[in-house]
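Peer 1:
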Amino acid sequence: MDWFEQLKEANAMHALFDEQRDWSYATFGPPSFKGPLGPLDHLAKEVKEAAAAAALLRSRIANATGTATDRVNIARAELDLHEELADCLILMFDAAHRAGLTFADLADAAAHKLATNKARTWPAWQGTDPDKAIEHLRAGDEQ
Ligand SMILES: [Mg+2]
């Protein structure tokens, strides 16, 4: 992706952040009334919905026999997963601006955390459970 495409996507995401913030404050109250805890509570529920949608999609793909009904059901499961992931992103944004972060603050914090993660030591992924979180190794961990 060239720099212009990246810039367009960054601008679209920034516009989404601002639009969601304005709608959320008008609909659910300003940060002086509602901080990040409410959206984080909702995010925990949406994460479970996203995980269920991902599991359903995987199951439908694994059990498909090539029928038209299978293809429709897989397409529906893909759309459901996309919608649940979008719910998670929107609530993440809601929690961020209600915690006082601008879009630029959130992008900076994420970039900083990615750099921190890259500097950490991680176990070989081949020996891990693909459905579970992988924790970085800490001092004293056996490798
Ligand atoms: Mg949902």
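What the sequence shown shows, in our numbering, is residues 33 to 175, in sequence order.
For glycine and all other residues, C-beta sits at the position ideal for the given N, C-alpha and C.
Could you check if ILE122 is buried or exposed, using at least 16 other CB atoms within 10 Å of its CB as the buried criterion?
Peer 2: It is buried - the Cβ of ILE122 has at least 16 other Cβ atoms within 10 Å.
Peer 1: Beta carbon of ALA87, beta carbon of LEU117: below 7 Å?
Peer 2: Result no, Cβ atoms of ALA87 and LEU117 do not sit closer than 7 Å.
Peer 1: Could you give the distance in angstroms between the alpha-carbon of ALA85 and the alpha-carbon of ALA109?
Peer 2: Distance between the alpha carbons of ALA85 and ALA109: 7 Å.
Peer 1: When we look at the beta-carbon of SER91 and count the other beta-carbons within 10 Å, is it buried (16 or more) or exposed?
Peer 2: Exposed: under 16 other Cβ atoms inside 10 Å.
Peer 1: Which one or two residues does DSSP pair with LEU88 in a beta bridge?
Peer 2: None, per the DSSP bridge assignment.
Peer 1: Pair every Cβ in the stretch 53-60 with every Cβ in the stretch 97-113, then say whether three or more of these pairs are closer than 8 Å.
Peer 2: As far as the Cβ criterion goes, the stretch 53-60 does not touch the stretch 97-113, which means the pair count is below three.
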